[in-house]
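See below for the structure under consideration.
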Amino acid sequence: MNPYVLSILISSLGLGTTLTFASSHWFLAWMGLEINTLAIIPLMAQHHHPRAVEASTKYFLTQATAAAMILFAGTTNAWFTGTWNMTDMPDPLASTMVIIALALKIGLAPMHLWMPEVLQGLDLTTGLILSTWQKLAPLSLIMQTAQDTAPTLLMALGLLSTLVGGWGGLNQTQLRKILAYSSIAHMGWMIIVLKYAPHLTLLALLTYILMTSAAFLTFKALATTKINTLATTWSKGPILSATTALVLLSLAGLPPLTGFMPKWLILQELSKQDLPATATIMALAALLSLYFYLRLCYSMALTISPNLNNSTTPWRTHTTQTSLPLALLTTAALTLLPITPALLTLTT
1 MNPYVLSILI SSLGLGTTLT FASSHWFLAW MGLEINTLAI IPLMAQHHHP RAVEASTKYF
61 LTQATAAAMI LFAGTTNAWF TGTWNMTDMP DPLASTMVII ALALKIGLAP MHLWMPEVLQ
121 GLDLTTGLIL STWQKLAPLS LIMQTAQDTA PTLLMALGLL STLVGGWGGL NQTQLRKILA
181 YSSIAHMGWM IIVLKYAPHL TLLALLTYIL MTSAAFLTFK ALATTKINTL ATTWSKGPIL
241 SATTALVLLS LAGLPPLTGF MPKWLILQEL SKQDLPATAT IMALAALLSL YFYLRLCYSM
301 ALTISPNLNN STTPWRTHTT QTSLPLALLT TAALTLLPIT PALLTLTT
């Protein structure tokens, strides 16, 4: 892609998200979301592959539907209250419609069906943008409107997303689909605690972005998109495949890795709010996700491809990809658990 066009598209992505962050007016927020959607579609379709075009079309249709619902909900709220202000949504119909539309935007269950299909049709770099940056603007709107929303709706969305994210990833062989279901499950963890502790939602979002970015960049460095090609990675980069396994276990939320921090604090908060049954279901749903991460680790670290010499490749060429972002993100995805007390002190 032409670098000038690319810089315009990346700038538009930043502009759309910033516009939504800064707005307290529904029309302005809707405009930011639309700029965001229109900026990423050329990035999705840039390879001119039928799967990429199909993914772009599916993404456009779902995002346009969600944007129309948001505009309709904002208009309904303005009709009842006389104001377009986001923080003033006393009408239950409008607030519920907004949450449903934003859930469709970020791929929360049961509005998640587009997410694995779209991610599967994209290359890993665009998939990374879709899984991280594109979640920020809708999540900021959900955080602003959550206080006017029925807690049972957020609870249902959160529980269903973690369960669907766990179940859906079990029988997948494509890494991008597995990461899509992982994204759905993590969004569920963020939504379920939003009403009670918004700072934990932000913490979960930050750790999710760190871990998912590390996973996507690792798969890009290894040039792999399927489980069966993971078995050949250790001979190409033994250290990278070891850290990849740890990043995947961090995504699963195993201690003493970074991914354990948000899960631990969210379960603690749910117990404090007298919701032990919800906390138990969430913990069990995390086990479902753990299984498919362990599948990936098993195929990377404990299986040997039958057509390989059992030694590291001495003639392998050095990669031309920049490895500094991958190194920083992997370190962050593995080692941030000890700073949990400091984070709690800052947020409470």
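In the UniProt record's numbering, the protein residues as written are 1 to 348.
Don't be surprised by glycine CBs; every beta carbon is placed ideally from N, CA and C.
Kindly give me the distance between the Cβ atoms of residue i and residue j, rounded to whole angstroms, as I take these residues to be in contact under 8 Å.
i           : j           : result
residue 134 : residue 228 : Not quite, the Cβ-Cβ distance comes to about 29 Å (not below 8 Å), so this is no contact.
residue 122 : residue 44  : 6 Å
residue 42  : residue 9   : 6 Å
residue 118 : residue 177 : So it is not a contact: roughly 10 Å between Cβ atoms.
residue 167 : residue 288 : 6 Å
residue 350 : residue 269 : The first residue shown for the chain is 1 and the last is 348, placing residue 350 beyond what the model contains.
residue 173 : residue 114 : Not really, about 20 Å apart at Cβ, beyond 8 Å.
residue 110 : residue 160 : 6 Å
residue 33  : residue 137 : 6 Å
residue 144 : residue 87  : 6 Å
residue 192 : residue 282 : 7 Å
residue 170 : residue 292 : 6 Å
residue 96  : residue 153 : 6 Å
Beta-carbon separation of residue i and residue j under 9 Å?
i           : j           : result
residue 214 : residue 247 : yes
residue 162 : residue 277 : no
residue 373 : residue 12  : One cannot answer for residue 373 here, as it falls past the ends of the chain, which runs 1 to 348.
residue 26  : residue 66  : no
residue 366 : residue 299 : Only positions 1 to 348 of the chain appear in this structure, which leaves residue 366 out of reach.
residue 325 : residue 217 : yes
residue 262 : residue 328 : no
residue 106 : residue 187 : yes
residue 126 : residue 46  : yes
residue 175 : residue 296 : yes
How is the alpha helix (DSSP H) around residue i delimited, first residue to last?
i           : result
residue 24  : Premise fails: residue 24 is in no alpha helix (DSSP H) and is neither H nor E.
residue 105 : 92-106
residue 247 : 238-252
residue 209 : 198-222
residue 280 : 276-301
residue 345 : 340-347
residue 323 : Unbroken run through residue 323: none, as it is neither H nor E.
residue 360 : Given that the chain is displayed from residue 1 to residue 348, the structure contains no residue 360 and the question cannot be resolved.
Following a CB-centred definition, is residue i positioned closer than 8 Å to any heavy atom of the ligand FMN?
i          : result
residue 67 : Inclusion of the ligand FMN in the displayed structure is not the case, the ligand content being empty and no account of it being possible.
Across which residues does DSSP place residue i in a beta bridge pair?
i           : result
residue 226 : 174
So within the stretch 119-174, which uninterrupted alpha helix (DSSP H) runs reach at least 4 residues, ignoring any that extend past its ends?
Runs of the alpha helix (DSSP H) inside the stretch 119-174: 124-131, 133-145 and 151-168.
Which runs of the alpha helix (DSSP H) spanning at least 4 residues fall entirely within the stretch 47-89, listed in chain order?
You should have 50-81.
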